[in-house]
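Visitor: Per my numbering, the sequence shown starts with residue 32, numbered consecutively.
No residue lacks a Cβ here, since even glycine has one placed at the ideal position from N, Cα and C.
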Amino acid sequence: MASIIQDQPRAVSSPSLFSAIKERAERFKTKVTTRDGWVGDYDYVWLCTPKLPFMHQANRSPPFYALDDDLPLILAISSGLQHSLAMLAGLITPPIIFASALSLDAETSAYMISASLIGCGIMSFIQMSRFHLFRGYYLGTGLITVVGTSFATLSTANAIFNAMYKDGTCPSITAADGTVTRLACPDAYGKVLGTSLICSFLEIFMSFCSPKLLKRVFPPLVTGTVILMIGSSLIGSSGIANWGGGSNNCSSRPTSGIYELCPTIFAPRPLPWGSPEFIGLGFLSFVTIILTELFGSPFLKNISIIVGLIVGCIVAGATGYISGDTIKSSPAITFLWVHTFKIGVYPPAILPMLAVYVSLAMEAIGDITASAEVSRQPVVGDVFDSRIQGGILGDGISGFISALFTVTPLSTFAQNNGVIAITRCANRGAGLWCCFFLILFGVLGKISGVFLAIPNPVLGGVTTFLFANVASSGVRVLAHVHFTRRSRFILSAALAFGIGNLLHSDIFTYLFDGVNNPNKGLQGLFDSITIILSTPFLSAGLVAAVLNLILPEEAPEHAAQEGTSSVEEIIDTESQDEKKA
32 MASIIQDQPR
42 AVSSPSLFSA
52 IKERAERFKT
62 KVTTRDGWVG
72 DYDYVWLCTP
82 KLPFMHQANR
92 SPPFYALDDD
102 LPLILAISSG
112 LQHSLAMLAG
122 LITPPIIFAS
132 ALSLDAETSA
142 YMISASLIGC
152 GIMSFIQMSR
162 FHLFRGYYLG
172 TGLITVVGTS
182 FATLSTANAI
192 FNAMYKDGTC
202 PSITAADGTV
212 TRLACPDAYG
222 KVLGTSLICS
232 FLEIFMSFCS
242 PKLLKRVFPP
252 LVTGTVILMI
262 GSSLIGSSGI
272 ANWGGGSNNC
282 SSRPTSGIYE
292 LCPTIFAPRP
302 LPWGSPEFIG
312 LGFLSFVTII
322 LTELFGSPFL
332 KNISIIVGLI
342 VGCIVAGATG
352 YISGDTIKSS
362 PAITFLWVHT
372 FKIGVYPPAI
382 LPMLAVYVSL
392 AMEAIGDITA
402 SAEVSRQPVV
412 GDVFDSRIQG
422 GILGDGISGF
432 ISALFTVTPL
442 STFAQNNGVI
452 AITRCANRGA
462 GLWCCFFLIL
472 FGVLGKISGV
482 FLAIPNPVLG
492 GVTTFLFANV
502 ASSGVRVLAH
512 VHFTRRSRFI
522 LSAALAFGIG
532 NLLHSDIFTY
542 LFDGVNNPNK
552 GLQGLFDSIT
562 IILSTPFLSA
572 GLVAAVLNLI
582 LPEEAPEHAA
592 QEGTSSVEEI
602 IDTESQDEKK
612 A
């Protein structure tokens, strides 16, 4: 039979192709015309049943759907919606903060949110698809690996924007009382896009390095420190500041000008920064997230951030804190390139942005590992290494393409791993529906207008929790470190820079003020160093990475005496806890 097949390849190939097409058509027909194809045997009652104190619920779990299992349509759609809603707050927050930092108008701000949603939907599809390139190299992970606007870029871009306003690249007005008002500067956003575009090639290059080498250069001690400082710095610079009324100039409580009240004196109900009304609105959203975790159904727990936003907005709207102007000014339908930005390169931002892409690669390693674990895929071996390689390459290409999409660099998100763990659905069909919903949310322009209408205190109460979740992810990574005297020394030195910089963010601002008349190139280098040192996660990550490379490893006997527990013991304990859950 084998010889017949070899002698007559043309006679066999056509019927095989026809049979494959016919089989797929029949499978599709069965999927959309039968109850089993739509519903399957998933426990939807469990998914939507709240956990109230007086309700007795059996300890049951739905079936697990692996990557390529046959997934019922309703489960695929509902799980995809959960994934999109779970990451929604994380996707809209960076463009809102970017637009606020650059004083951009509502129309441009709404477009930036839409572009972020559409770009994340498209690039998430590429990450999940896992295209084979050549030899053992791939593009994408083949898991439900979603990408979103990077929080690391958010922290660094704020330092870059500060430098642009300081050196006159962006216009500002100084009042008689010394209050500085930043004018709109869309070109600054274009320069960040252009700089990130050329710097993305660093992560693309890193993807073709050995995953074992990357994990050796950037172990959990380094990556955990970076992630911890990213979350911590965002809490201080954005989350808590917005909770009090706004992260703009109103947070300094000036006695005159448009920022005398928050967010400005033109808001529907402006109040001084830190007013109890603002604190109460943010606290309501924060407590709603906690109550949803306590009593909500598994579906609601996966979207607790959105529930907090909705409840906060309902109360804020009823009490007059929401204006509908942004909703009215937003188009019904939009897409990429409705607004464009003048692409450029800001030389002082090159070194900081290169460091950002290194941190994105470090973050991707941890997130892809977590995705493989909850998807019940191996976390060692050639297949896993190829997923790491494909994921880092996908992150790098996302950074390049996202700049063309007018979106700041995208990175692998970790929020969706919790959705997989709770719903027990790791099927890529759910991930594709997630991409569909993200693109749909972006195309419907009025949705972006709704997001812009969210009052700062409500957004602050939610994002404070969101950023704290990022910080706790860093703590979880650090929990896998076998703490010896060496590792404690590295972590202490890194946190000395990171936390010190976080508490006194202006300590390195005046570092080169005493240099007289430096040339343009030297001034650009000084600005780059200032931006790196002024960004907590960059300064801490740099110290941790350098010390990890130059400090010699300790002898095994000494390390065993210094350490409290091994990595294997920690992993075994977590595995037992997951099995009990």
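According to the Cβ coordinates, are residue 194 and residue 223 closer than 7 Å?
Guide: no
Visitor: Return the Cβ separation of residue 172 and residue 407 in integer angstroms, given the expectation that the two are a contact with Cβ distance under 8 Å.
Guide: Contact flag wrong, Cβ pair sits at about 15 Å.
Visitor: Applying the criterion that 16 or more other CB atoms from any shown protein chain within 10 Å of the CB defines a buried residue, is residue 214 buried or exposed?
Guide: exposed
Visitor: Once DSSP output is grouped into helix, strand and coil, what is the label at residue 493?
Guide: helix
Visitor: Assuming residue 488 and residue 273 form a contact by the criterion Cβ under 8 Å, report the distance between their Cβ atoms to the nearest whole angstrom.
Guide: 7 Å
Visitor: For residue 541, count neighbouring C-beta atoms within 10 Å of its own C-beta (all shown protein chains included) and say buried if the count is 16 or more, exposed if not.
Guide: exposed
Visitor: Which word fits residue 76, buried or exposed, when buried means at least 16 other C-beta atoms lie within 10 angstroms of its C-beta?
Guide: exposed
Visitor: Candidates 323, 329, 421: which alpha carbon is nearest residue 340's?
Guide: 323
Visitor: Cutting at 8 Å between CB atoms, please list the residues of its own chain near residue 327, excluding the five before and the five after it.
Guide: 81, 82, 335, 338
Visitor: My assumption, with CB atoms under 8 Å, is that residue 288 sits in contact with residue 282. Please give the rounded CB distance.
Guide: Residue 288 to residue 282, Cβ: 13 Å. No contact.
Visitor: Which word fits residue 441, buried or exposed, when buried means at least 16 other C-beta atoms lie within 10 angstroms of its C-beta?
Guide: In this structure residue 441 is buried. Its beta-carbon is surrounded by 16 or more other beta-carbon atoms within 10 angstroms.
Visitor: I'd like to check one pair, residue 390 with residue 572: are the Cβ atoms closer than 7 Å?
Guide: yes
Visitor: Give the DSSP-derived three-state secondary structure of residue 213 in the structure shown.
Guide: strand
Visitor: Mind listing, in chain order, the continuous beta strand (DSSP E) runs of no fewer than 3 residues lying wholly within the stretch 102-167?
Guide: 162-165
Visitor: Please state the DSSP three-state secondary structure of residue 352.
Guide: coil
Visitor: Pair every Cβ in the stretch 105-114 with every Cβ in the stretch 452-467, then say whether three or more of these pairs are closer than 8 Å.
Guide: yes
Visitor: So for residue 203, helix, strand or coil by DSSP?
Guide: In the three-state reduction of the DSSP assignment, residue 203 falls in the strand class.
Visitor: Under three-state DSSP, which class holds residue 180?
Guide: Strand, per DSSP.
Visitor: Any chance the stretch 422-440 sits against the stretch 384-402, with 3 or more Cβ pairs inside 8 Å?
Guide: yes
Visitor: Mind checking residue 304: buried by the 16 CB within 10 Å criterion, or exposed?
Guide: Buried, by the Cβ-count rule.
Visitor: So, are the CB atoms of residue 196 and residue 133 less than 7 Å apart?
Guide: no
Visitor: With a Cβ-Cβ cutoff of 7 Å, do residue 107 and residue 461 count as a contact?
Guide: yes
Visitor: Evaluate residue 2 with the Cβ neighbour count: other Cβ atoms within 10 Å of its Cβ, from every protein chain shown; 16 or more gives buried, anything less gives exposed.
Guide: Nothing can be reported for residue 2, as the shown portion of the chain is limited to 32 through 612.
Visitor: Per DSSP, residue 302 forms a beta bridge with which residues?
Guide: 293
Visitor: In its own chain, which residues sit with a C-beta less than 7 Å from the C-beta of residue 430, not counting the 5 before and 5 after it?
Guide: So the qualifying residues of the chain are 227, 231, 234, 388, 440, 441.
Visitor: How would you write the range of the beta strand (DSSP E) that residue 441 sits in, first residue to last?
Guide: 441-443
Visitor: Kindly list the residues whose CB is nearer than 6 Å to the CB of residue 574, restricted to its own chain and excluding five residues on each side of it in sequence; keep chain order.
Guide: 524, 525, 528
Visitor: Is the stretch 135-146 close to the stretch 474-490, with three or more CB pairs under 8 Å?
Guide: Short answer: they touch.
Visitor: Which word fits residue 394, buried or exposed, when buried means at least 16 other C-beta atoms lie within 10 angstroms of its C-beta?
Guide: buried
Visitor: State the DSSP-derived secondary structure class of residue 563, mapped to helix, strand or coil.
Guide: helix
Visitor: At which residues does the alpha helix (DSSP H) containing residue 420 begin and terminate?
Guide: 413-435
Visitor: What is the rounded straight-line gap between the Cα of residue 185 and the Cα of residue 128?
Guide: Linking residue 185 to residue 128 through their CA atoms gives a straight-line distance of about 8 Å.
Visitor: Report the three-state DSSP secondary structure of residue 240 (helix, strand or coil).
Guide: coil
Visitor: Should the stretch 264-273 be regarded as contacting the stretch 575-586, the criterion being three or more beta carbon pairs within less than 8 Å?
Guide: no
Visitor: Less than 6 Å between C-beta atoms, sequence neighbours within five positions excluded: which residues of the same chain meet that for residue 285?
Guide: Answer for residue 285: 210, 291, listed in chain order.
Visitor: Decide if residue 365 is buried, meaning its Cβ has at least 16 other Cβ atoms within 10 Å, or exposed.
Guide: That one is buried.
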